[in-house]
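Numbering (full-length UniProt numbering), first residue to last: 1 to 171.
And the structure:
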(Lines of atoms letter the chains of each structure in order from A; the text may use other names.)
(Lines give C-alpha, C1' and ligand atoms only; values in the text may rest on other atoms or scores of the structure.)
Protein backbone atom coordinates (compact mmCIF):
# COMPACT_ATOMS: atom_id res chain seq x y z
CA UNK A 1 0.00 0.00 0.00
CA UNK A 2 1.30 3.43 -0.99
CA UNK A 3 1.04 6.43 1.31
CA UNK A 4 -0.53 9.58 0.00
CA UNK A 5 -0.33 13.16 1.29
CA UNK A 6 2.19 14.93 3.46
CA UNK A 7 3.67 13.96 6.78
CA UNK A 8 3.09 16.03 9.88
CA UNK A 9 6.70 17.21 9.80
CA UNK A 10 6.32 18.49 6.25
CA UNK A 11 3.13 20.39 7.17
CA UNK A 12 4.81 21.97 10.20
CA UNK A 13 7.73 23.07 8.02
CA UNK A 14 5.37 24.74 5.54
CA UNK A 15 3.57 26.60 8.35
CA UNK A 16 6.92 27.73 9.80
CA UNK A 17 8.15 29.00 6.42
CA UNK A 18 4.86 30.84 5.83
CA UNK A 19 5.19 32.50 9.24
CA UNK A 20 8.78 33.59 8.57
CA UNK A 21 7.78 34.96 5.15
CA UNK A 22 4.87 36.90 6.68
CA UNK A 23 7.18 38.35 9.35
CA UNK A 24 9.69 39.49 6.74
CA UNK A 25 6.93 41.13 4.69
CA UNK A 26 5.61 42.99 7.75
CA UNK A 27 9.11 44.18 8.66
CA UNK A 28 9.53 45.60 5.16
CA UNK A 29 6.61 48.01 5.63
CA UNK A 30 7.63 51.34 7.14
CA UNK A 31 6.31 51.89 10.61
CA UNK A 32 4.12 54.86 11.39
CA UNK A 33 6.42 57.62 12.59
CA UNK A 34 5.48 59.38 15.79
CA UNK A 35 4.41 62.88 14.97
CA UNK A 36 4.53 64.33 18.46
CA UNK A 37 6.33 67.52 19.44
CA UNK A 38 9.21 65.66 21.10
CA UNK A 39 9.97 63.72 17.90
CA UNK A 40 9.84 66.89 15.78
CA UNK A 41 12.18 68.67 18.21
CA UNK A 42 14.66 65.78 17.99
CA UNK A 43 14.43 65.96 14.20
CA UNK A 44 15.20 69.69 14.21
CA UNK A 45 18.04 69.20 16.69
CA UNK A 46 19.67 66.55 14.50
CA UNK A 47 19.50 68.85 11.49
CA UNK A 48 20.87 71.76 13.55
CA UNK A 49 23.82 69.70 14.83
CA UNK A 50 24.57 68.54 11.30
CA UNK A 51 24.40 72.14 10.02
CA UNK A 52 26.82 73.36 12.72
CA UNK A 53 29.32 70.61 11.86
CA UNK A 54 28.93 71.24 8.12
CA UNK A 55 29.40 74.99 8.58
CA UNK A 56 32.64 74.46 10.49
CA UNK A 57 34.05 71.74 8.24
CA UNK A 58 33.27 73.44 4.94
CA UNK A 59 33.79 77.06 6.09
CA UNK A 60 30.42 78.37 4.99
CA UNK A 61 27.55 80.36 6.46
CA UNK A 62 24.30 78.47 6.94
CA UNK A 63 20.91 79.61 8.18
CA UNK A 64 17.45 78.34 9.02
CA UNK A 65 14.28 79.93 7.72
CA UNK A 66 11.58 79.37 10.32
CA UNK A 67 7.83 79.65 9.84
CA UNK A 68 5.00 78.72 12.24
CA UNK A 69 4.62 75.27 10.66
CA UNK A 70 7.88 74.65 8.80
CA UNK A 71 11.63 75.21 8.55
CA UNK A 72 14.28 75.08 5.86
CA UNK A 73 18.08 75.11 5.86
CA UNK A 74 19.83 77.55 3.51
CA UNK A 75 23.46 78.27 2.56
CA UNK A 76 25.00 81.63 1.66
CA UNK A 77 26.64 81.25 -1.75
CA UNK A 78 28.08 83.69 -4.30
CA UNK A 79 25.73 84.45 -7.19
CA UNK A 80 28.50 85.47 -9.58
CA UNK A 81 32.13 84.35 -9.45
CA UNK A 82 33.31 87.67 -10.90
CA UNK A 83 31.61 89.75 -8.18
CA UNK A 84 32.89 88.64 -4.76
CA UNK A 85 30.35 90.78 -2.86
CA UNK A 86 27.31 89.26 -4.60
CA UNK A 87 26.01 86.58 -2.24
CA UNK A 88 22.58 85.03 -2.08
CA UNK A 89 20.81 82.53 0.17
CA UNK A 90 20.23 79.20 -1.59
CA UNK A 91 18.07 76.34 -0.38
CA UNK A 92 20.28 73.65 1.19
CA UNK A 93 17.62 71.16 2.27
CA UNK A 94 14.00 70.52 1.41
CA UNK A 95 11.29 72.39 3.28
CA UNK A 96 10.29 70.45 6.42
CA UNK A 97 6.59 70.84 7.13
CA UNK A 98 5.18 70.04 10.56
CA UNK A 99 1.91 68.18 11.14
CA UNK A 100 -1.17 70.40 11.39
CA UNK A 101 -1.38 70.13 15.19
CA UNK A 102 2.20 71.34 15.88
CA UNK A 103 3.34 74.98 15.76
CA UNK A 104 6.75 76.60 16.21
CA UNK A 105 7.19 79.44 18.69
CA UNK A 106 10.52 81.21 18.14
CA UNK A 107 12.25 83.64 20.50
CA UNK A 108 15.69 85.11 19.80
CA UNK A 109 17.81 87.04 22.27
CA UNK A 110 19.66 89.92 20.65
CA UNK A 111 21.98 92.50 22.16
CA UNK A 112 21.02 94.01 25.51
CA UNK A 113 18.28 91.49 26.13
CA UNK A 114 16.10 92.50 23.18
CA UNK A 115 13.74 89.73 22.20
CA UNK A 116 12.38 89.14 18.72
CA UNK A 117 9.32 86.90 18.88
CA UNK A 118 8.45 87.23 15.20
CA UNK A 119 8.61 84.45 12.66
CA UNK A 120 7.71 85.12 9.05
CA UNK A 121 7.81 82.80 6.08
CA UNK A 122 8.96 85.35 3.48
CA UNK A 123 12.13 86.77 4.98
CA UNK A 124 15.11 87.89 2.90
CA UNK A 125 17.58 86.56 5.48
CA UNK A 126 17.24 83.39 7.57
CA UNK A 127 15.89 83.57 11.10
CA UNK A 128 18.90 81.69 12.52
CA UNK A 129 22.49 82.12 11.40
CA UNK A 130 25.25 79.53 11.79
CA UNK A 131 28.75 80.90 11.24
CA UNK A 132 31.85 78.84 10.38
CA UNK A 133 33.48 79.72 13.70
CA UNK A 134 30.75 77.86 15.59
CA UNK A 135 28.67 80.90 16.54
CA UNK A 136 24.90 80.53 16.32
CA UNK A 137 22.08 83.02 16.75
CA UNK A 138 21.00 82.49 20.39
CA UNK A 139 17.37 81.35 20.40
CA UNK A 140 14.64 79.28 21.99
CA UNK A 141 12.33 77.24 19.80
CA UNK A 142 9.17 75.64 21.16
CA UNK A 143 7.28 72.89 19.40
CA UNK A 144 3.73 73.44 20.65
CA UNK A 145 1.27 70.58 20.25
CA UNK A 146 -1.03 70.84 23.25
CA UNK A 147 -0.80 72.09 26.80
CA UNK A 148 1.04 68.99 28.01
CA UNK A 149 2.91 67.90 24.87
CA UNK A 150 5.29 70.81 24.29
CA UNK A 151 8.97 70.36 23.55
CA UNK A 152 11.63 73.06 23.44
CA UNK A 153 15.15 73.59 22.22
CA UNK A 154 17.46 76.38 23.39
CA UNK A 155 20.83 77.41 21.94
CA UNK A 156 23.24 79.99 23.35
CA UNK A 157 25.68 82.11 21.32
CA UNK A 158 28.47 79.55 21.79
CA UNK A 159 26.42 76.76 20.27
CA UNK A 160 25.51 74.88 23.47
CA UNK A 161 22.20 73.11 22.86
CA UNK A 162 19.70 72.40 25.64
CA UNK A 163 16.40 70.66 25.06
CA UNK A 164 13.31 69.41 26.84
CA UNK A 165 14.61 65.91 27.49
CA UNK A 166 17.57 65.46 29.88
CA UNK A 167 19.13 62.62 27.85
CA UNK A 168 19.51 65.00 24.88
CA UNK A 169 21.42 67.52 27.02
CA UNK A 170 24.19 65.01 27.75
CA UNK A 171 25.67 65.41 24.25
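Where is the CB? At the ideal position from N, CA and C, for every residue including glycine.
Asked, Found
"Provide the residue span of the alpha helix (DSSP H) that contains residue 46, from first to last.", "37-58"
"For residue 61 and residue 130, what's the separation of their Cα atoms in angstroms?", "6 Å"
"Is the Cβ-Cβ distance between residue 105 and residue 142 less than 9 Å?", "yes"
"According to DSSP, is residue 61 part of a helix, a strand, or is it coil?", "coil"
"Check whether the segment 83-95 and the segment 18-38 touch, using three or more Cβ-Cβ pairs below 8 Å as the test.", "no"
"Residue 48: beta carbon under 8 Å from a heavy atom of the ligand MN?", "Summarising the ligand content, the structure contains no ligands, and the ligand MN is consequently not present."
"Helix, strand or coil for residue 79 per DSSP?", "coil"
"For residue 142, write down the residues that DSSP places opposite it in a beta bridge.", "105 and 152"
"In the DSSP assignment, the beta strand (DSSP E) including residue 129 goes from what residue to what residue?", "128-130"
"Would you decide whether residue 37 is buried or exposed? Buried here means 16 or more other CB atoms lie within 10 Å of its CB.", "buried"
"If you draw a straight line from the alpha carbon of residue 189 to that of residue 103, how long is it in whole angstroms?", "With the chain represented from 1 up to 171, any question about residue 189 goes unanswered, as that position is not in the structure."
"Per DSSP, what kind of secondary structure is residue 23 in: helix, strand or coil?", "helix"
"Tell me which residues share the same chain as residue 115 and place their Cβ nearer than 8 Å to its Cβ, disregarding the 5 neighbours each side in the sequence.", "Reliability fails at residue 115, whose pLDDT of 46 lies under 50, so the model's placement of it is uncertain and the value that follows must be treated cautiously. Closer than 8 Å at Cβ, skipping near neighbours: 107, 108 and 109."
"With a CB to CB cut of under 6 Å and the five nearest residues on each side skipped, what residues in its chain are close to residue 126?", "63, 64, 65 and 74"
"Going by DSSP, name the residue or residues bridged to residue 2.", "Beta-bridge pairing links residue 2 to no other residue."
"Less than 9 Å between the C-beta atoms of residue 76 and residue 89, yes or no?", "yes"
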